[in-house]
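**Student:** Position 25 (the sequence shown) corresponds to 27 in the working numbering; numbering is contiguous. Glycine is no exception: its CB is placed at the ideal position from the N, C-alpha and C atoms.
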Amino acid sequence: MKKFVEEIKKAVSVPLKLNWTLLILLVLFVASYKTIGIIYFAVAVLSLLVHEYAHTWMALRKGVSVYKIELNAFGGGAFMFNHERGLKIALAGPLSSMALFLIALPLFLLLPSETTWFFMSVNAILALFNLFPLYPMDGGRVLYHGLAKKIGELKSIKVVVMTTYILGGVFILLSLFSSNWWMVAIFAFIIFLARHEKE
3 MKKFVEEIKK
13 AVSVPLKLNW
23 TLLILLVLFV
33 ASYKTIGIIY
43 FAVAVLSLLV
53 HEYAHTWMAL
63 RKGVSVYKIE
73 LNAFGGGAFM
83 FNHERGLKIA
93 LAGPLSSMAL
103 FLIALPLFLL
113 LPSETTWFFM
123 SVNAILALFN
133 LFPLYPMDGG
143 RVLYHGLAKK
153 IGELKSIKVV
163 VMTTYILGGV
173 FILLSLFSSN
183 WWMVAIFAFI
193 IFLARHEKE
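#1: Rounded to a whole number of angstroms, what is the C-alpha to C-alpha distance between G148 and T37?
#2: Can you tell me which of A46, K19 and V16 puts its alpha carbon nearest to the alpha carbon of L30?
#3: For G88, tell me which candidate among I40, N182, L145 and G171 has the shortest Cα-Cα distance.
#4: Thinking just about the alpha-carbon of each residue, which of A126, M139, F6 and K5 is nearest to the one in I91?
#5: Between which two residues does the alpha helix (DSSP H) containing K160 stretch?
#6: For the putative contact between I41 and T117, defined by C-beta atoms under 8 Å, what is the C-beta separation to the nearest angstrom?
#7: From V2 to K5, what does the alpha carbon distance come to, in whole angstroms?
#8: Out of L48, P17, A33 and K12, state which residue places its alpha-carbon closest to the alpha-carbon of L128.
#9: Among E9, N125 and S177, which one has its Cα closest to the Cα of R63?
#10: Alpha carbon to alpha carbon, how far is A150 from K12?
#11: What residues in its chain sit with their C-beta under 7 Å from that of T23, if we drop five residues either side in the sequence?
#12: Rounding to the nearest angstrom, what Cα-Cα distance links L175 and S181 in this structure?
#13: For L104 and G78, what's the separation of their Cα atoms in angstroms?
#14: Given that a residue counts as buried once 16 or more other Cβ atoms are within 10 Å of its Cβ, and exposed if not, what is W59?
#15: Please state the DSSP three-state secondary structure of K90.
#16: Please classify Y35: does DSSP put it in a helix, a strand, or coil?
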């Protein structure tokens with residue numbers, strides 16, 4: 003237990019950068035939900051922090067140096083010096099989000115509220131959405147590491163990036179048909195990151 007606490011302390015000591023685009027997210031929450039939007043914004047940011055610090059914790063356990071965590075309107079990321087990120091590091095974020103969902107579930111069943119429902123929804127989305135095989139999201143990294151063992155790192159990154167282009171394009175088209183401009187922006191941003199990501 004003492005070792006675990008020390009590991010957590012080391013993880014939370016990693017510098018945190020809050021990108022200015024979070025202000026846009028705050029404005030969107032307030033515009034959509036009025037005053038309670040501030041609470042929803044705080045819940046979303048807290049959930050993102052747990053997700054990214056879970057990646058950081060696992061990375062540090064694996065001997066991978068993490069030099070900063072950054073949150074922005076589209077999500078966040080733990081930035082590492084060593085880009086040999088294993089399956090456990092990639093899965094740590096979604097698993098932590100799923101754990102938060104499962105912790106909140108009995109609370110919602112006993113004392114249902116809009117805030118608890120929002121907390122559950124955010125963490126369910128963080129867990130499931132991040133497992134889509136879109137690079138550089140967690141699911142894309144899981145697919146990358148799975149393929150790298152069979153076809154090598156160079157080929158695997160090409161396959162995963164191409165998968166991101168195809169799936170991202172499909173999601174953009176579906177979002178356009180439903181006039182969901184926010185999702186269009188998210189998937190376009192993911193494709194942009196996949197194109198410029200270097201391993």
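**Tutor:** Considering the structure as presented:
#1: Within the sequence shown, residue 148 is the residue found at index 146, counting from 1. Within the sequence shown, residue 37 is the residue found at index 35, counting from 1. The alpha-carbon atoms of G148 and T37 are separated by roughly 45 Å.
#2: If you number the sequence shown from 1, residue 30 lands on position 28. Of the listed residues, the one whose Cα sits closest to L30 is A46.
#3: The count along the sequence shown starts at 1 and reaches residue 88 at position 86. When only C-alpha atoms are compared, the closest one is L145.
#4: What you label residue 91 is simply residue 89 of the sequence shown in a count that begins at 1. It is M139 whose Cα lies nearest to the Cα of I91.
#5: The sequence position of residue 160 within the sequence shown is 158, counting from 1. It spans E155 to F179 - the alpha helix (DSSP H) in which K160 sits, taken as one unbroken run.
#6: Residue mapping note: residue 41 aligns to position 39 of the sequence shown, counting from 1. Residue mapping note: residue 117 aligns to position 115 of the sequence shown, counting from 1. Indeed they touch by this definition, with Cβ atoms about 6 Å apart.
#7: This structure gives no information on residue 2, because the portion of the chain shown stretches from 3 to 201.
#8: Start at 1 with the first residue of the sequence shown, and residue 128 comes out as number 126. Nearest of L48, P17, A33 and K12 to L128, Cα basis: L48.
#9: Position 61 of the sequence shown holds residue 63. Cα-wise, what sits closest to R63 is E9.
#10: Position 148 of the sequence shown, counting from 1, holds the residue named residue 150. Position 10 of the sequence shown, counting from 1, holds the residue named residue 12. For A150 and K12, the distance between alpha carbons rounds to 30 Å.
#11: For the purposes of this step, residue 23 is identified with residue 21 of the sequence shown, where counting begins at 1. Within the same chain, T23 has close Cβ partners N74 and A75.
#12: Translated into positions along the sequence shown, residue 175 becomes position 173. Translated into positions along the sequence shown, residue 181 becomes position 179. Between L175 and S181, the C-alpha separation is close to 10 Å.
#13: What you label residue 104 is simply residue 102 of the sequence shown in a count that begins at 1. What you label residue 78 is simply residue 76 of the sequence shown in a count that begins at 1. Each residue's alpha carbon lies about 22 Å from the other.
#14: Walking along the sequence shown from the start, residue 59 turns up at place 57. Buried, by the Cβ-count rule.
#15: For the purposes of this step, residue 90 is taken as residue 88 along the sequence shown, with counting starting at 1. Of the three classes helix, strand and coil, the one that applies to K90 here is helix, per DSSP.
#16: For this step, residue 35 is matched to residue 33 along the sequence shown. Note: Y35 maps to helix in three-state DSSP.
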